[in-house]
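Those sequence lines, one after another, are chains Z and R. Using this note's numbering, read the first sequence as starting at 61 and increasing by one per residue. Using this note's numbering, read the second sequence as starting at 123 and increasing by one per residue.
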Amino acid sequence: MTPKTLLTSRTLRTALFGALTAASLSIAAFAQEAPSPSLDPKALTLFSKPADVWPTYNGDYSGRRYISLDQVNQKNVADLKVKWKYKIEGVTIRGSGNPTIKSTPLMVGGVLYFTVPDHVFAVDARTGKERWHYDFEDHGGHVLGQRGVGMYGKWIYFLTPDGWFISLDSGTGKERWRKKVADEKLQYFTTMAAVIVKNHIIIGVGGDAMDVRGYLESRNPETGELQWRWWSEPRKMGDPGSETWPTQAAMDHGGGMTWMPGTYDPELNLIYWGTGNTNPVYAGQSRKGANLYTDSIVALDPDSGKMKWYFQGSPHDTHDWDNVETPILFDTTIDGKPRKLLAQAARCGYFFVLDRETGKNLVSKPFTLTANWSMGLDKRGQPIPNPDKDPKVDGSMVDVPANGATNWPAPSYSPQTGLFYVNASEGYSIAWLYDTSKDPQGYAGGASGRIDSKSSLIALDTKTGDVRWKHVAKSGGEEGGGMTGGILTTSGGLLFTGDSNRLAAFDPANGKILWSSKLESAVSNGPSTWELDGTQNVIVGAGDTLYSFTLDGK
Amino acid sequence: MTRTRAILLSVTGLLCFSALPDALHLAPVLVGAQEPEYHPQQLTQQAPPPARRPRRRMDSHTALGLGRLPDAEAAKRGEPLYNQNCLACHGEGARGGIGPNLVRSVLVLHDDDDSEIAKVIRGGRPQAGMPPFTELTEQQQHDIAEYLHQLVELAANRGLYKGSETMTSGNVDKGKAFFAANCASCHSVTGDLAGIGTKYSQPSALIMRIAWPADHGPVTATVTTPAGQKVTGTLEHYDDFETTLKTDDGKTSTWSTDSVHVEVPDKLAGHRALLPRYSDDNLHDLTRYLLTIK
Numbered sequence: 061m062t063p064k065t066l067l068t069s070r071t072l073r074t075a076l077f078g079a080l081t082a083a084s085l086s087i088a089a090f091a092q093e094a095p096s097p098s099l100d101p102k103a104l105t106l107f108s109k110p111a112d113v114w115p116t117y118n119g120d121y122s123g124r125r126y127i128s129l130d131q132v133n134q135k136n137v138a139d140l141k142v143k144w145k146y147k148i149e150g151v152t153i154r155g156s157g158n159p160t161i162k163s164t165p166l167m168v169g170g171v172l173y174f175t176v177p178d179h180v181f182a183v184d185a186r187t188g189k190e191r192w193h194y195d196f197e198d199h200g201g202h203v204l205g206q207r208g209v210g211m212y213g214k215w216i217y218f219l220t221p222d223g224w225f226i227s228l229d230s231g232t233g234k235e236r237w238r239k240k241v242a243d244e245k246l247q248y249f250t251t252m253a254a255v256i257v258k259n260h261i262i263i264g265v266g267g268d269a270m271d272v273r274g275y276l277e278s279r280n281p282e283t284g285e286l287q288w289r290w291w292s293e294p295r296k297m298g299d300p301g302s303e304t305w306p307t308q309a310a311m312d313h314g315g316g317m318t319w320m321p322g323t324y325d326p327e328l329n330l331i332y333w334g335t336g337n338t339n340p341v342y343a344g345q346s347r348k349g350a351n352l353y354t355d356s357i358v359a360l361d362p363d364s365g366k367m368k369w370y371f372q373g374s375p376h377d378t379h380d381w382d383n384v385e386t387p388i389l390f391d392t393t394i395d396g397k398p399r400k401l402l403a404q405a406a407r408c409g410y411f412f413v414l415d416r417e418t419g420k421n422l423v424s425k426p427f428t429l430t431a432n433w434s435m436g437l438d439k440r441g442q443p444i445p446n447p448d449k450d451p452k453v454d455g456s457m458v459d460v461p462a463n464g465a466t467n468w469p470a471p472s473y474s475p476q477t478g479l480f481y482v483n484a485s486e487g488y489s490i491a492w493l494y495d496t497s498k499d500p501q502g503y504a505g506g507a508s509g510r511i512d513s514k515s516s517l518i519a520l521d522t523k524t525g526d527v528r529w530k531h532v533a534k535s536g537g538e539e540g541g542g543m544t545g546g547i548l549t550t551s552g553g554l555l556f557t558g559d560s561n562r563l564a565a566f567d568p569a570n571g572k573i574l575w576s577s578k579l580e581s582a583v584s585n586g587p588s589t590w591e592l593d594g595t596q597n598v599i600v601g602a603g604d605t606l607y608s609f610t611l612d613g614k
Numbered sequence: 123m124t125r126t127r128a129i130l131l132s133v134t135g136l137l138c139f140s141a142l143p144d145a146l147h148l149a150p151v152l153v154g155a156q157e158p159e160y161h162p163q164q165l166t167q168q169a170p171p172p173a174r175r176p177r178r179r180m181d182s183h184t185a186l187g188l189g190r191l192p193d194a195e196a197a198k199r200g201e202p203l204y205n206q207n208c209l210a211c212h213g214e215g216a217r218g219g220i221g222p223n224l225v226r227s228v229l230v231l232h233d234d235d236d237s238e239i240a241k242v243i244r245g246g247r248p249q250a251g252m253p254p255f256t257e258l259t260e261q262q263q264h265d266i267a268e269y270l271h272q273l274v275e276l277a278a279n280r281g282l283y284k285g286s287e288t289m290t291s292g293n294v295d296k297g298k299a300f301f302a303a304n305c306a307s308c309h310s311v312t313g314d315l316a317g318i319g320t321k322y323s324q325p326s327a328l329i330m331r332i333a334w335p336a337d338h339g340p341v342t343a344t345v346t347t348p349a350g351q352k353v354t355g356t357l358e359h360y361d362d363f364e365t366t367l368k369t370d371d372g373k374t375s376t377w378s379t380d381s382v383h384v385e386v387p388d389k390l391a392g393h394r395a396l397l398p399r400y401s402d403d404n405l406h407d408l409t410r411y412l413l414t415i416k
């Protein structure tokens with residue numbers, strides 16, 4: 061976007077919403093004189109990060125969302141108070157109303173960077189005052205969410221609903237270049253927070269309304285040019301994996317979107333990515349077979365995009381169970397041997413633990429009810445779908461809710477407890493087949509949920525998959541509420557997440573609530589934490605407002 | 123996009139700018155834990171009142187970013203023209219035959235103003251064996267193009283999907299027997315369920331009602347206070363932190379949830395117990411049977 065168009069769209073907003081944007085313009089002009097915050101590449105490591113930054117969507121490469129900061133801890137968490145809040149003003153999201161912050165803000169050089177669809181905000185981390193606001197005018201694409209930005213040096217990377225990949229100056233919000241990475245006319249859209257691995261900007265795509273192929277791309281951080289592209293399906297019949305598709309056409313329209321940030325092991329030099337649901341979404345009759353590599357976790361070489369291994373969480377998915385939930389990397393000892401593992405609580409209701417070098421399965425176990433859509437496990441540890449639980453014209457009931465047993469909000473793993481934490485939905489749903497033709501298109505069906513629904517925070521044993529404790533929210537049934545947002549654990553012996561319009565701190569050892577603070581709406585992103593000027597801040601987004609919490613609000 | 127959208131829509135006359143504030147009141151379906159979905163007739167268990175349909179349609183169309191709405195009148199004229207001229211090769215509903223599928227066609231999806239589709243109709247695809255259709259007028263080319271865009275809309279906009287009005291499975295007698303064995307201790311088809319098949323005449327609405335007939339009305343609860351007193355009233359708020367009860371005298375009291383014991387009668391215990399036991403056949407049989415209770 062040129063400065064001219066920026067001004068045009070700001071003028072429009074000023075006309076609609078009063079003089080408030082004029083103030084942000086003058087702040088933006090002031091901010092141009094400050095040096096642009098820059099991210100030291102050394103800040104990006106597997107299991108840690110410097111205290112005074114939050115450099116990537118999950119904080120570090122592991123996706124554990126466990127942070128070694130204990131200024132705020134079990135003893136003083138009662139003193140946690142709001143230091144500042146930043147409310148997004150004058151922004152509405154097409155067809156959906158008020159914006160909802162789903163992004164986890166990066167924090168670099170004392171500035172927070174976060175997003176909603178079509179908008180990037182830079183906010184002073186100490187005061188909550190806006191530095192700049194980038195306002196993009198899209199021309200289509202799904203406005204479901206935006207998970208945040210990626211950063212390389214002083215450059216910010218942002219994806220728009222209509223598939224533009226944009227580089228901004230972190231100091232001014234000024235656009236450096238934009239590249240088209242997805243075609244919104246084919247119903248692709250982009251919501252991801254870019255993951256930066258060495259000199260690769262890794263971005264995925266969303267979009268399952270029109271039966272297109274998923275892909276994951278690596279782009280050059282300086283030029284935005286394509287380095288490699290990995291497709292979610294084999295390219296042609298005869299390629300490995302094509303035996304799980306009946307025809308080339310089915311494979312070409314098979315879905316498998318890559319819409320959530322993956323994780324990375326620098327030592328093994330592998331990125332781990334989840335792929336989304338198969339297409340057509342609820343109708344499987346034109347795509348008999350397992351439909352690789354949709355609904356899978358794949359391990360790719362970040363330099364070439366070549367796949368090293370895969371594990372399919374939801375073979376022949378007919379329930380919209382995107383297998384994109386964060387594949388968390390963690391190290392542990394099993395039978396006296398150190399192991400490099402990966403764990404995922406999947407939307408299909410299974411908890412998976414894999415060896416992240418080989419993809420070999422250690423645990424596959426339902427973590428809510430019985431996952432009755434499956435008939436057990438194959439020899440790779442992958443669930444075997446029960447054909448009788450495919451969606452039916454008259455409805456087919458499964459004991460997983462319509463939007464899955466969990467969804468995109470971030471889980472967490474604490475090395476203090478060795479437990480994996482996930483906000484889960486329990487209950488039943490009925491799935492319908494609407495399109496009975498031999499060549500269905502699009503969703504072709506649907507699901508109705510909220511049958512005996514419960515919302516819970518679940519702590520899973522990573523060695524056995526057993527539920528070690530479970531907090532079932534007293535709200536969160538048919539009336540809504542309950543557990544929301546992602547999870548953060550800290551070395552202060554705390555687990556932060558959303559519960560019933562509050563930010564709450566739990567004891568990660570037993571699920572006891574230690575503290576909470578009422579917000580104006582439900583927690584809608586993953587909480588994060590960092591320390592600046594010797595003060596630990598806990599940052600959380602709830603609806604259109606970002607909050608910073610510190611001890612006594614100081 | 124907001125501005126572009128508003129202009130586009132006012133041009134087509136389908137939604138004028140003044141109608142936007144209404145749309146803005148619609149909050150996202152779910153805030154945090156899950157992705158919003160667009161299945162209007164089933165989110166509410168019953169068909170929404172007809173007056174609300176256009177607005178909901180606009181929401182899913184708009185949020186999905188499906189571009190301009192197809193011209194419904196032109197599409198209606200285009201359907202028989204398609205069937206007469208194109209169906210033989212491109213298949214029913216344009217899903218492909220000896221010619222390519224046109225619902226997933228990149229050319230169709232990109233053709234905002236119908237000019238590319240019209241060009242192909244006029245000129246054919248000689249290399250691919252498609253003859254030109256020179257006898258079709260410009261208006262007819264446009265009408266066929268709008269029909270194709272309508273088919274795209276029907277596939278891509280899941281907010282427009284409708285559940286089946288008729289059932290393909292289930293057996294009334296088996297449903298009656300299942301009801302007698304599992305439901306009759308609480309329900310009667312001549313008592314509380316009289317007319318259930320009329321009230322929920324769409325099978326998908328009735329099966330949902332059978333599975334989980336949660337009513338979203340006031341909940342009566344009994345709170346044992348920290349002092350040990352039992353108070354019964356309407357539960358105004360209940361979560362992990364606060365419990366608010368309104369008693370018959372109109373007073374409301376709020377306690378910290380961990381300081382009280384709250385008893386909420388479990389009216390759906392019988393339904394809960396059945397959930398893991400149902401086969402889909404059981405549910406279809408029951409639905410078939412209860413649809414006959416007019």
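For each residue, glycine too, the CB sits at the ideal point set by N, CA and C.
Not a single CB atom of chain R sits nearer than 9 angstroms to the CB of Lys-530 of chain Z. Shown here, Asp-184 of chain Z sits in a strand according to DSSP, grouped into three states. Segment contact: the stretch 99 to 110 of chain Z against the stretch 526 to 542 of chain Z, fewer than three CB-CB distances shorter than 8 angstroms; contact not assigned. Listed by position along chain R, the residues whose Cβ is nearer than 9 angstroms to that of Met-270 of chain Z are Val-225, Arg-226, Leu-231, Val-274, Ala-277 and Ala-278.
DSSP places His-313 of chain Z in the coil class of the three-state scheme, outside both helix and strand. Looking at the backbone, the Cα of Gly-558 of chain Z and that of Glu-580 of chain Z are separated by about 12 angstroms. As computed with DSSP, Trp-305 of chain Z is found in no beta bridge at all. Contact between Thr-220 of chain Z and Gly-274 of chain Z does not hold, since the beta-carbon distance rounds to 18 angstroms and is not under 8 angstroms.
By the 16-neighbour rule on beta-carbons within 10 angstroms, Ile-153 of chain Z is buried.
Between Leu-437 of chain Z and Pro-375 of chain Z, the alpha-carbon positions lie close to 11 angstroms from each other. A distance below 6 angstroms between beta-carbons, with the five flanking residues on each side excluded, links Trp-377 of chain R to the following residues of its chain, in chain order: Thr-365. Along the stretch 240 to 252 of chain Z, going in chain order, the ones with a CB nearer than 9 angstroms to a CB of chain R are Asp-243, Glu-244, Lys-245, Leu-246, Gln-247 and Phe-249. When the alpha-carbon of Glu-417 of chain Z is set against those of Z:Pro-445, Z:Phe-225 and Z:Leu-328, the nearest one is in Z:Leu-328. Sequence-ordered contacts of the stretch 327 to 341 of chain R with chain Z read Ile-329, Met-330, Ala-333, Trp-334, Ala-336 and His-338 [C-beta pairs closer than 8 angstroms]. If you check each beta-carbon in the stretch 452 to 464 of chain Z against every beta-carbon of chain R, the ones closer than 9 angstroms belong to Lys-452, Val-453, Asp-454, Gly-455, Ser-456, Met-457, Asp-459, Pro-461, Ala-462, Asn-463 and Gly-464.
Runs of the beta strand (DSSP E) spanning 3 or more residues and lying entirely within the stretch 313 to 392 of chain Z occur at 323 to 325, 330 to 334, 356 to 360 and 367 to 372, in chain order. The contact set of Ser-291 of chain R on chain Z, defined by CB atoms closer than 7 angstroms, consists of Asp-454 in chain order. Among the bridge pairs identified by DSSP, Asn-421 of chain Z is matched with Z:Leu-414. Taking Gly-119 of chain Z as the centre and dropping the five residues before and after it, the same chain places the C-beta of Lys-109, Arg-125, Ile-127 and Ser-588 closer than 7 angstroms to its C-beta, in chain order. Membership of Thr-366 of chain R in the beta strand (DSSP E) is indicated by the continuous run 364 to 368. Inclusion of Gly-292 of chain R and Leu-408 of chain R in the CB contact set at 9 angstroms is warranted, their separation being smaller than that value. Thr-430 of chain Z and Asp-459 of chain Z have their C-alpha atoms roughly 7 angstroms apart.
Within chain Z, the residues whose beta carbon sits less than 8 angstroms from that of Arg-217 of chain R are Ser-497, Asp-499 and Gln-501, listed in sequence order. Taking C-beta atoms as the reference points, Ala-470 of chain Z and Ser-489 of chain Z fail to come closer than 9 angstroms.
Beta-bridge pairing by DSSP links Met-252 of chain R to R:Arg-247. Excluding five sequence positions before and after Pro-97 of chain Z, the CB atoms of its chain that fall closer than 8 angstroms to its own CB belong to Val-168, Gly-169, Gly-170, Val-171, Lys-214, Ser-230 and Gly-231, given in chain order. Of all C-beta pairs linking the stretch 319 to 337 of chain R to the stretch 352 to 363 of chain R, fewer than three are shorter than 8 angstroms, placing the two stretches out of contact. Spanning the alpha carbons of Asn-404 of chain R and Lys-296 of chain R requires a straight line of approximately 8 angstroms. Note on geometry: alpha-carbon atoms of Asp-361 of chain R and Asp-370 of chain R lie some 22 angstroms from one another. The way I'd put it, the stretch 181 to 194 of chain R does touch the stretch 261 to 276 of chain R; three or more beta-carbon pairs between them come closer than 8 angstroms. If you compare the alpha carbons of R:Asp-233, R:Pro-248 and R:Leu-282 with that of Gln-263 of chain R, the shortest gap goes to R:Asp-233.
When the Cα atoms are used, Lys-189 of chain Z and Tyr-146 of chain Z turn out to be separated by approximately 7 angstroms. Under DSSP, Gln-596 of chain Z takes part in a beta bridge, and its partners are Z:Glu-591. Of all residues in the stretch 220 to 236 of chain Z, the ones placed with a Cβ closer than 9 angstroms to any Cβ belonging to chain R are Pro-221 and Asp-222, in chain order.
Residues of the stretch 557 to 573 of chain Z whose Cβ lies closer than 7 angstroms to any Cβ of chain R, in chain order: Gly-558, Asp-559, Ser-560, Arg-562 and Ile-573. Annotation for Glu-268 of chain R: Pro-192, Asp-193, Ala-196, Ala-197 and Gly-200 place their beta carbon closer than 6 angstroms to its own, counting only its chain and skipping 5 residues before and after.
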